[in-house]
Structure formats: structure tokens, C-alpha cells
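Asker: Structure in C-alpha cells, see below.
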Amino acid sequence: MKQLFKYMSEPRDFFEKGFIRLSQPSVLNDPFEAAFCRKSLDELASHFDEPTSWDPEFGELKFSQYVDLRMHHIGVISFTESKENLLMWAHYANEHKGIVAGVAYHHEMGSIFESLFRADSLINSAWGEEWSKFDGAPVPVFYRKGLRYRNDKFDYDYSNISAEGADRVLYEVFLQKSDEWIYEQEHRVILRLEQADRVIVPNISSIGNLHIQNRIKNSSYSILNTDSRSCIVNLFEVADGAERTAVAMELAKLSKNPKTIYLMKLSSSSINNCLIGLNSNFTKADIQGKHACSTGYLDIWKATRNMDYYSIEFEEI
Numbered sequence: 008m009k010q011l012f013k014y015m016s017e018p019r020d021f022f023e024k025g026f027i028r029l030s031q032p033s034v035l036n037d038p039f040e041a042a043f044c045r046k047s048l049d050e051l052a053s054h055f056d057e058p059t060s061w062d063p064e065f066g067e068l069k070f071s072q073y074v075d076l077r078m079h080h081i082g083v084i085s086f087t088e089s090k091e092n093l094l095m096w097a098h099y100a101n102e103h104k105g106i107v108a109g110v111a112y113h114h115e116m117g118s119i120f121e122s123l124f125r126a127d128s129l130i131n132s133a134w135g136e137e138w139s140k141f142d143g144a145p146v147p148v149f150y151r152k153g154l155r156y157r158n159d160k161f162d163y164d165y166s167n168i169s170a171e172g173a174d175r176v177l178y179e180v181f182l183q184k185s186d187e188w189i190y191e192q193e194h195r196v197i198l199r200l201e202q203a204d205r206v207i208v209p210n211i212s213s214i215g216n217l218h219i220q221n222r223i224k225n226s227s228y229s230i231l232n233t234d235s236r237s238c239i240v241n242l243f244e245v246a247d248g249a250e251r252t253a254v255a256m257e258l259a260k261l262s263k264n265p266k267t268i269y270l271m272k273l274s275s276s277s278i279n280n281c282l283i284g285l286n287s288n289f290t291k292a293d294i295q296g297k298h299a300c301s302t303g304y305l306d307i308w309k310a311t312r313n314m315d316y317y318s319i320e321f322e323e324i
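For the sequence shown, the tail end lands on 324 under the working numbering, and the numbers increase by one without skipping.
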């Protein structure tokens with residue numbers, strides 16, 4: 008089992024309904040997200056059996072071009088190994104007023120999600136599910152001085168790149184950050200935004216495909232606010248795989264608007280504890296949500312101040 012933690016300013020629907028944000032590049036806090044050395048990637052690709060990639064919308068592309076055009080279709084969920092980092096409590100948990108949620112990953116159970124939507128042959132360039140990297144597993148982030156491929160382009164095994172497709176590269180550019188972030192001890196789940204379980208659209212009129220827009224308006228899986236024109240699309244309720252894929256592909260195109268929110272639904276068994284911050288007003292009752300407690304166990308702890316060192320400890324409540 009791999010125990011990970013998620014810093015939050017407030018629980019929102021995490022414990023009650025199991026939803027966690029899948030963050031698109033436009034809402035990430037590092038301007039160097041998915042940065043890579045184009046010259047080195049193109050040199051690396053020249054050694055592949057197929058040095059270019061094929062995209063159904065844009066045609067034949069260099070691998071670097073594919074990443075540039077498709078990076079906004081990627082979402083990231085960030086976790087950490089550390090529950091005691093004072094900087095992250097201050098930055099990501101509202102100055103110790105928030106919480107840290109514990110998430111357990113069991114390799115034998117697959118992903119941490121209730122039901123991960125794949126449809127890999129339709130939404131990415133891999134030959135099939137067995138070759139796709141978007142499997143919902145949390146992976147440690149690499150920390151380097153140089154951009155991805157700058158000095159390490161031959162350090163990894165690309166013998167299966169023909170089967171994995173250009174999405175192998177699209178996936179891995181989100182797994183490297185500057186070594187100045189190393190204190191975060193980050194693990195990431197990297198998915199296609201088309202895999203989202205729920206999408207909150209700020210204005211339904213922004214959906215360019217009118218057929219899909221009208222389908223969403225009249226569907227049983229969406230909730231439309233007629234005043235604000237915002238819409239909640241519950242993709243996890245769509246039984247037909249082809250329809251879900253078609254709708255999801257249109258919603259992924261809205262990712263450059265940071266007000267568009269993509270959410271994933273965690274498995275209740277993966278949510279196993281919660282740590283309440285030093286300055287938090289949240290109570291045990293606030294945390295004991297229906298979804299998280301449905302498996303029968305949820306440990307809840309309260310942070311306390313160590314009187315001898317700059318550190319915090321936790322007491323179970």
C-alpha cells in the first residue's frame with residue numbers, strides 16, 4: 008500500500024461525495040508545468056521507428072508539436088508523501104485552517120477511483136488500454152535542474168513507443184518539475200480530461216458543438232442553472248460509452264478557461280484518514296461524510312503544536 012496525502016483549504020465534496028479536482032494546466036501554480044526541451048525531444052524522436060505522430064484533428068506532427076497542441080487535454084491530481092510539512096500546511100491548507108486528506112493506493116486494486124473511464128483507443132494515441140499511461144495510478148514526480156529531455160533523453164526505455172504513442176511523451180512531461188519543488192515530495196495522478204467523472208461548465212453556451220450542447224441540456228445526467236447558464240455534467244452517469252466519449256471530448260476543449268472544473272470520483276475505500284489543521288474550525292462531524300465512511304473506517308486526527316521543535320503532531324479524535 009502507498010499512503011498519500013492531499014492538502015486542502017476545505018473538504019468541499021471530498022468526504023461526502025468523493026470528488027477531487029482534476030486540475031488542467033490553466034489552473035496549476037507553476038508556469039513551468041509540462042516544460043520540456045523541444046530540440047532534445049525532436050532529436051530523441053528521430054531514433055524512434057516512427058519519428059512523428061498522427062493526430063486525427065491535426066494530421067502528422069512532430070512529438071513536440073503534439074505535446075504543445077494536446078497538453079491542455081491533460082489533468083493532474085497532486086498528492087504528497089508528507090502530512091507534516093509546515094510550508095504546505097501554510098500554502099495549500101489555508102494557513103493551517105484547512106485539512107489534509109489521506110488517500111491509500113493499493114496496486115492490486117488498480118486505480119484510486121470508483122470507476123475509471125478508459126476508452127483509450129478513442130481518446131489517446133496508445134494502441135489500447137494495456138499500453139496507455141492514463142491508468143489512474145499515482146506516480147512520483149522527478150525533480151531536475153534542466154528541462155525534460157535536456158540532459159536525460161536517453162535515460163528511459165522507449166522500446167514500446169510505437170504502441171504507447173505520443174501520449175507517452177504527453178504523459179511524462181507532467182512528471183518532471185524544477186528541483187526547487189522537491190520539498191513537496193509530490194506524487195501525481197495524470198489523466199486525460201476526457202476521463203473526468205464530472206465537469207462543471209461555467210456557461211453552457213461555450214460548448215462549441217451545438218449537437219453536444221443540446222444533448223447535454225436535455226439529458227438526465229446534467230443539471231442546468233437557467234439563470235447563470237452554468238451546468239454540472241455527471242459523466243459517470245452516462246451508461247453509453249460512445250455518448251460519454253463524444254460529450255467528454257467536447258468538454259475537454261473548455262480547459263483553457265480556469266473556471267471550467269473537472270472532477271474525479273474516488274473509491275470510498277481509498278479515503279482512509281483526515282488530519283485537521285492547527286488553526287482549523289472543522290470538527291469530526293464535518294469530516295464524516297457519507298461516501299468516505301461507507302466502507303466503515305475513517306481515521307480522523309487533530310494537529311497539535313510541538314512545544315520543543317518547529318513541528319506538528321497529531322492526536323486521534
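A virtual CB, placed ideally from N, CA and C, is assigned to each residue, including glycine.
Taking just the CA atoms, how far does Val208 sit from Gln220?
Answerer: Distance between the alpha carbons of Gln220 and Val208 is about 11 Å.
Asker: Lys297 and Glu23: beta carbons closer than 8 Å?
Answerer: Yes.
Asker: Can you grab the Cα-Cα spacing for the pair Asp37 / Tyr269, in whole Å?
Answerer: So the two alpha carbons sit approximately 19 Å from each other.
Asker: Assuming Met15 is part of the beta strand (DSSP E), what are its boundary residues?
Answerer: Run containing Met15: 9-15, per the beta strand (DSSP E) assignment.
Asker: In whole angstroms, what is the alpha-carbon distance linking Lys2 and Ile168?
Answerer: Because the chain here runs from 8 to 324, residue 2 falls outside it and cannot be looked at.
Asker: Considering only their Cβ atoms, is the gap separating Leu177 from Ile84 smaller than 8 Å?
Answerer: No, Cβ-Cβ distance for Ile84 and Leu177 is not below 8 Å.
Asker: Hey, out of Pro147, Asn232, Ala42, whose CA is closest to Met78's CA?
Answerer: Closest option to Met78, Cα to Cα, is Ala42.
Asker: Given a cut-off of 8 Å on the beta-carbon distance, is the pair Gln202 and Leu123 in contact?
Answerer: Their beta carbons are under 8 Å apart, which means Gln202 touches Leu123 by this criterion.
Asker: With C-beta atoms as the reference, is Gln192 less than 8 Å away from Thr87?
Answerer: Result yes, Cβ atoms of Gln192 and Thr87 sit closer than 8 Å.
Asker: Which value, in whole angstroms, describes the spacing of the CA atoms of Glu320 and Phe243?
Answerer: Rounded to the nearest angstrom, the two C-alpha atoms are 38 Å apart.
Asker: Taking only the alpha-carbon atoms, compute the straight-line gap between Asn216 and Ile223 and give it to the nearest angstrom.
Answerer: Cα to Cα, Asn216 sits roughly 11 Å from Ile223.
Asker: Using CA coordinates, which residue listed in Phe65, Ser301, Asn280, Tyr316 is at the minimum distance from Pro18?
Answerer: For Pro18, the nearest C-alpha among the options comes from Asn280.
Asker: For Phe124, which residues does DSSP report across the bridge?
Answerer: BP columns for Phe124 are empty, so no partner.
Asker: Are Ser277 and Val110 closer than 8 Å when you measure CB to CB?
Answerer: Yes.
Asker: Who are the near neighbours of Pro147 in its chain, counting only those whose CB is closer than 7 Å to its CB and skipping five residues on each side?
Answerer: Correct list, in chain order: His194.
Asker: Whose CA, out of Tyr73, Ser47, Ser262, lies closest to the CA of Thr59?
Answerer: Measuring from the Cα of Thr59, the nearest candidate turns out to be Tyr73.
Asker: Can you name, in chain order, every residue of its own chain whose Cβ lies under 6 Å from the Cβ of Trp138, other than the five neighbours on each side?
Answerer: Once the five neighbours on either side are set aside, the close Cβ partners of Trp138 are Ala170, Glu171.
Asker: Since Leu198 sits in a beta bridge, which residues does DSSP pair it with?
Answerer: Its beta-bridge partners are Gly82.
Asker: Just checking my contact of Phe26 with Arg205 at CB under 8 Å: how many whole Å lie between their CB atoms?
Answerer: About 6 Å separates the two Cβ atoms, so the contact holds.
Asker: Would you call the CB atoms of Cys44 and Arg155 closer than 8 Å?
Answerer: Yes; because the gap between Cβ atoms is below 8 Å, this pair is in contact.
Asker: Compare the C-alpha of Ile106 against each of Tyr14, Ala259, Tyr317, Cys300 and name the closest.
Answerer: Here the closest residue by C-alpha is Tyr14.
Asker: Could you tell me the alpha carbon to alpha carbon distance between Asn210 and Ile239, rounded to whole angstroms?
Answerer: So the alpha carbons of these two residues sit roughly 10 Å apart.
Asker: How about Ala97 and Phe70: do their beta carbons lie closer than 8 Å?
Answerer: Against a cut-off of 8 Å, the Cβ pair of Phe70 and Ala97 comes out as no contact.
Asker: Since Lys104 and Phe12 are thought to touch, with beta carbons under 8 Å apart, how far apart are those beta carbons, to the nearest angstrom?
Answerer: In fact, because the Cβ distance is near 17 Å, the residues do not count as touching under 8 Å.
Asker: Cβ-heavy atom distance between Glu323 and the ligand ATP below 7 Å?
Answerer: In the structure on display, the ligand ATP does not appear, and there are no ligands present to speak of.
Asker: Where do the ends of the alpha helix (DSSP H) carrying Met95 lie?
Answerer: That run of the alpha helix (DSSP H) goes 93-99.
Asker: Label Ala299 either buried or exposed according to how many other C-beta atoms from any shown protein chain fall within 10 Å of its C-beta, with 16 as the threshold for buried.
Answerer: Counting Cβ neighbours within 10 Å, Ala299 comes out buried, since at least 16 surround it.
Asker: Do you know how far the Cα of Ile307 is from the Cα of Ala144?
Answerer: Whole-angstrom Cα-Cα distance: 25 Å.
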